Amino acid sequence: MKISVCIPTYEMGGLGKQYLSRCLNSILKQDFSDIEIIVSDHSDNDDLKILIEDKYKESVTYFKNKEHRGCPASNTNNAINNSSGEYIKVMNQDDFFISESCLSQMESIATGNNWVVTSFIHYNENEKSYYKPMTPIFPEDPISLLRGINTIGCPSVGIFPNQGDLFDPKISFFMDCDMWYRMNKKYGSPLVVNQAGVAIGLGEHNLTHQFSNKDILSDTEYCFRKYNLS
């Protein structure tokens, strides 16, 4: 079963090359071989394109994406729309695999009619240290996801069937929560790999630092309208 690893990228204040290299190197170390790597690049320069052409040309399919710059969901969707795998594995460019068997473990329990999430750990970019390991827990009340309460993790922790499901570009803050909510409605609760497979890079570069409680409330109101919830 082929897995498409879809990486939405941008220049990230000059840190983009550093983080993307780390992410790609961790993918290429996976012991699962049936992988395609798709990069969709929202950068306003060609730094990431040059990086890929110089070091990863044989391994990565690159797309310069000039549409809807600054919208993470749209950039992620562009990568997904250009993929051919049976399963989609989104990886944020500042996240990376810490287990070389992560994809093979996830693939081993994927059936084509379910979604799988892996345990993970956070990585402090400033202190260069790991902290706060977590195992995804699907909430008893799935609607809590639409309030921004994410007990599963960011897009980098999951794989899901490549059956036309895309991230909602109208959601600013928790596009992952909305996707997990839809995955549950479509496939049921996720299967979970208990071994930590992914590190989530956290620092001042993260887009989440740019959002406020007002953004979270706006996303919640939108999602409640979208699903006709009260």
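Anchor point for the sequence shown: position 38 equals 85 in my numbering, and the numbering is continuous, going up by one each time. Just so it is clear, CB atoms sit at the ideal spot from N, CA and C, and this is done for glycine as well. Every value quoted in this text rests on a predicted model; they were computed, and no experiment measured them.
Buried or exposed for residue i, please, with buried defined as at least 16 other CB atoms from any protein chain shown within 10 angstroms of its CB.
| i | result |
| --- | --- |
| Leu98 | buried |
| Gly61 | exposed |
| Glu154 | buried |
| Leu276 | exposed |
| Asp78 | exposed |
| Thr267 | buried |
| Gln140 | buried |
According to DSSP, is residue i helix, strand or coil?
| i | result |
| --- | --- |
| Tyr234 | helix |
| Met181 | strand |
| Gly211 | coil |
| Glu133 | coil |
| Asp91 | coil |
| Ile85 | strand |
| Ile218 | coil |
What are the partner residues of residue i, as DSSP defines its beta bridges?
| i | result |
| --- | --- |
| Gly248 | Tyr170 |
| Thr56 | Asp88 |
| Tyr109 | Val86 |
Cβ of residue i within 8 Å of Cβ of residue j?
| i | j | result |
| --- | --- | --- |
| Phe207 | Met181 | no |
| Ile54 | Ile85 | yes |
| Phe143 | Cys201 | no |
| Ile168 | Lys179 | yes |
| Ile199 | Val245 | no |
| Cys118 | Leu193 | no |
| Ile263 | Phe214 | no |
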